[in-house]
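Protein chains in written order, with this note's numbering: chain A, 1261 to 1724; chain B, 35 to 516. We put the beta carbon where it would ideally sit given N, CA and C, even for glycine. Note that the structure is a prediction, hence the values are computed from the model and not measured. Below: the structure, in structure tokens.
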Amino acid sequence: MTTTIVPASTGRRRGVELALLVLATAMAVGAFASVELAHSSELPANLGSYAAGLLAVFLVAHVGIRWLAPYADPLLLPCVALLNGLGLVLIHRLDLAAAARAARAGAERMPRADAPIQLGWTALGVVCFVGVLVLVRDHRVLARYTYTALAAGFGLLCLPLLPGLGRTINGSRIWIRFAGFSFQPAELAKIVLIVFFAGYLVAKRDVLALAGRRVLLVDLPRGRDLGPILLAWLVSLLVLVFERDLGTSLLFFGVFVTLLYVATERVSWLIIGLLLFVAGATLAYHLFGHVRVRVDVWLHPFDHAATTGYQIVQSLYGLATGGILGTGLGQGHPEFVPFANTDFIVSTIGEELGYTGLLAILVIYAIVVQRAFRTAIAARDPFGKLLAAGLGFALAIQLFVVVGGVTRLIPLTGLTTPFLSYGGSSLVANWIIVALLLRISDASRRPAPPPAPTGTEQTVLIPR
Amino acid sequence: MNRPIRRVAVVVTLLFLSLMLNLTYIQVVKGADYRTRQGNTRVLLAEYSRPRGPIVAGGAVIASSKATDDQLKYLRTYAAGTMYAPATGFYSITFGSTEVERAENGVLTGNDTRMWVRNFADLVTGRQARGGSVVLTLDPAAQKAAYDALAGRRGAVVALDPSTGAILALVSSPSYDPATVSTHSGSTNTRNRAALLDDPAQPMLNRPLRQTYAPGSTFKLVTAAAALSTGRYTKDSVIPGPAVLDLPQTTADLPNESGAACGPGGMTTLENALRISCNTAFGGLGLTLGEDTIAAQAEAFGFGQDPDVPLSTEKSVFPTGLNPPQLAQSAIGQFDVRATPLQMAMVTAAIANRGVVMTPYLVSEVRAPDLSVLERAEPKELSTAVTPAVARQLTDMMVTVVTSGTGTNGAIPGVSVAGKTGTAQQGGGRAPHAWFVSFAPAQEAKVAVAVVLEDGGGASEVSGNRLAAPIARAVMSAVLGR
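Below, the structure written as structure tokens:
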């Protein structure tokens, strides 16, 4: 990990970005061709137009960066484009399996193909990506809307609870249905709440860093400063209770506690956060049947192989059948895992691209996350630092929770895999996250403005 | 704020590493375990998605795969239906596989390590991977002769090539059609298998390899071999053969079936005792030789072993801890002596092969999809049961059984046949099993046969000759081309 602040002379590196972007598109198109070859033994007629279309969509993002954030990190876009492109291929591959199954069963109507819809969401995601770059010309502007963000975040979180709008799908009430589309507001809530966390903590971090008593080498905060963390804890628990969304609950609390630690540099907040997490987890385990079921299935999946553990057991079988090199795209049976194209898309990768392919995907995620942290370190203002670190950590924790769940490292919690899973809200939200990261990155890598009289990061003025 | 961000980045890196380590565990370390678990149908589907190699016997394809248009792309078919079931076994999506289908699964699916290089070449060139073929030692003429001769009666036939151990016939009767449990419909398979298991005639039982019977008088060959091997006896030695053997320690006696003595003055030669299957002579001989001597001789013939056919076989048993009456009964193949038809064929074949027991085997060749030979069976000695001299005397004695003794129905015109009848009494008033073991030609044997007919009719030694010997004759004739 780089430990120095990126000097201003790194250059724009937009050419590198373009070359990598073309490579990423080529890999996604190659994967598409591979799926089609396995399925029908011939290349699809529309391969050329598909390649051109996908490249065009990604090029819009690239041109947007050249125009609006010319100094931004050149690796982020190619990485997420590759993930997005591969996700499209995997969803298409699972569409084919669903169609084949329906045809065998003699169904009158073919199941809806998800890949074209996801392609539409990709385009919308890129539009939103450029839109964010256009609207947010300086990320510090966002700090002005700290409490607006709080209100918006709360509102979004509560939307699915509204009767008539919210939908309960598979036991979780995290969906809204609007104009024929399903949407998970929590994905957007994630972004605005991180904006709120960053803005709030920049303002309050000096107070929160004040030490109270010192116990066992750790400076405990003052009792009266415990309010915010307790509130965040409570909100997370409420999400769990009312929406039964274990993943989102965990994500919010984790990001808040981490940012609290980053802002104050006080380890005591981590310890308090951990204790609260343990308390919350214990409480949830004893209060909620569905949490107990998840834990039991995690500990003894094969005892429930035909019932509650079916999904995770099939996922493990798929991963193991893929082995080191995988069965090859289109040649395994990832459709045996329920929800293979959303929560369990990682087991599809593990089965068809194997251990090797899945490790490569994880490395790409690791690059994205480390680039986010690098951006945070290089950022010249505390709000930018907290925002970038928060967004990066949210991506990381989301990936850890979903991949860990699918591979039985930790109990299963429903979360989407960023950029890969089928789902519009998740995809659009993640493109927005990348746009914000690039915006901060652009600001930090831009040649330094004439030295400000005060010069240190703590005294950057935030216009209010 | 940079220090905590770096720390968080380090923790996140550790989280990613733990994901990768866990994947290593699941996909690499536990991979083989999870892959082959019962609930994982992926491997099975992959197997079904490419043509499974054929099983061949004597140039005829007896099991092959046929393309279908359902999800399981290839259906296993069995050309000869029931006749080869004990050898091929079945290949079922519902119940797995048995017999050669199971034992040679790696070759038939193409997953065998010896085919990896070829499979990799297929992968690169995009050719569909195929399974290899398995060539059995079975002689279709002998198999058909045995199956037809049994004519649906309960019993079994094993024929061996004495000089190699190659299994020429492996028949169980009644049998079942493996195709009925190898369909692509789970419910059909389940229903058909349930019906087969309900059938009191046990059509799915692999009698020649896994059913043990009291060998009855055919076991006198083992007792005679033990006696000759001591060096204290020849075929001309005179031993007591009274009408009734008075068993010590008990009021029960061991009578001859005829009720007569086996020779003038209750004395008989060893050869004559075998020719007419004299119970009292062999019972007495057993008492004289002792349990250990007979047990050692039985073991030398292969009792107590499971030769890798490569199908699993039931071990044949000579009991231990016998009191004298039990020992006398055991010496004539009664009491708790149990042998598979394969085991009695091995005893017979060893005598035909100058005393050397060859390891029986069913697979003669394993071939890659392009028919190049991956492995050819090498005949292996299992053990030496008797010396060539003892084997020669036993052969002479067995020839008299067929020419003028209890086994005259085993005779083939123009060929010298050596044989031995058996009638194994069962408790509980059930009809005895009729046995016949034989080999031919007596001097340069090409085939050794063991036949057993369950509950084979009348209670006399005659039944072995009347019922079982014609079947053995048909099989020997088929192999010898007569």
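Item	Value
Per-residue burial, F337 (chain B) [other beta carbons within 10 Å of its own, 16 or more giving buried]	buried
Same chain only: Cβ atoms within 8 Å of G441 (chain B), ignoring 5 sequence neighbours per side	V435, G453, K454, T455, F470, S472, G498, N499, A503
Closest Cα partner of G448 (chain B) within the set B:V95, B:N74, B:R136, B:L514	B:L514
C-beta neighbour in chain B for L1576 (chain A), strict 7 Å	yes
Residue burial classification, G1275 (chain A) (beta-carbon count within 10 angstroms, cutoff 16)	exposed
Neighbourhood of L1342 (chain A) by C-beta distance below 7 Å, restricted to the same chain and skipping five residues each side	A1284, M1287, A1288, I1624
Proximity to F1512 (chain A) [Cα-Cα], best of A:H1546, A:A1458, A:V1390, A:G1366	A:A1458
Extent of the continuous beta strand (DSSP E) to which M301 (chain B) belongs	301 to 303
Chain B contact for A1759 (chain A) (CB, 7 Å cutoff)	This structure gives no information on residue 1759 (chain A), because the portion of chain A shown stretches from 1261 to 1724.
Contacting residues, own chain, Cβ-Cβ under 6 Å from Y181 (chain B) (five flanking each side not counted)	M117, V205
Where F1679 (chain A) sits in the DSSP three-state scheme	coil
Proximity winner among A:G1569, A:F1548, A:H1550, relative to W1558 (chain A) (alpha-carbon distances)	A:G1569
Three CB pairs or more closer than 8 Å across the stretch 317 to 325 of chain B and the stretch 271 to 290 of chain B	yes
Within 7 Å of chain B by C-beta, residues of the stretch 1617 to 1643 of chain A in sequence order	L1618, L1619, L1622, A1626, V1629, Q1630, F1633, A1636, I1637, P1642
Cβ-based contacts, 8 Å cut-off: residues of the stretch 43 to 63 of chain B near chain A	A43, V44, V46, T47, L49, F50, S52, L53, M54, N56, L57, T58, I60, Q61, V62
Contacts that R1364 (chain A) makes with chain B (C-beta to C-beta distance below 9 Å)	D104, Q105
Proximity test, Cβ basis, 7 Å: N74 (chain B) and chain A	yes
Whole-number beta carbon distance between W1529 (chain A) and P1481 (chain A), since they are thought to touch under 8 Å	7 Å
Presumed contact (8 Å Cβ cut-off) between Y1545 (chain A) and V1538 (chain A), rounded CB distance	Contact flag wrong, Cβ pair sits at about 11 Å.
Where V1396 (chain A) falls: helix, strand or coil (DSSP)	coil
Buried versus exposed call for F1502 (chain A) [16 or more other C-beta atoms within 10 Å across all chains shown]	exposed
Distance, L1348 (chain A) Cα to V77 (chain B) Cα	26 Å
Contacting residues, own chain, Cβ-Cβ under 6 Å from P359 (chain B) (five flanking each side not counted)	L281, T284
For S126 (chain B): DSSP bridge partner residues	B:G130
Inter-residue Cα distance where the pair is L1335 (chain A) and W1327 (chain A)	17 Å
Spatial distance of P249 (chain B) from N226 (chain B) (CA atoms)	33 Å
Limits of the unbroken alpha helix (DSSP H) element including A295 (chain B)	Per DSSP, A295 (chain B) belongs to no alpha helix (DSSP H) and is neither H nor E.
DSSP-derived helix/strand/coil call for F1443 (chain A)	strand
Closer than 7 Å to chain B by CB, K1645 (chain A)	yes
Partner residues on chain B for I1436 (chain A), Cβ-Cβ distance less than 7 Å	Under the 7 Å cutoff, chain B gives no residues; its nearest Cβ is about 31 Å from I1436 (chain A).
R164 (chain B) at chain A interface by Cβ criterion, 7 Å	no
E1277 (chain A) classed as buried or exposed, judged by whether at least 16 other C-beta atoms fall within 10 angstroms	buried
Per-residue DSSP class, three states only, for E1302 (chain A)	coil
Chain B contact residues for L1579 (chain A), given Cβ-Cβ distances below 7 Å	I60, Q61
N-terminal and C-terminal residue of the beta strand (DSSP E) that K107 (chain B) is part of	Per DSSP, K107 (chain B) belongs to no beta strand (DSSP E) and is neither H nor E.
Helix, strand or coil at R401 (chain B) [DSSP, three-state]	strand
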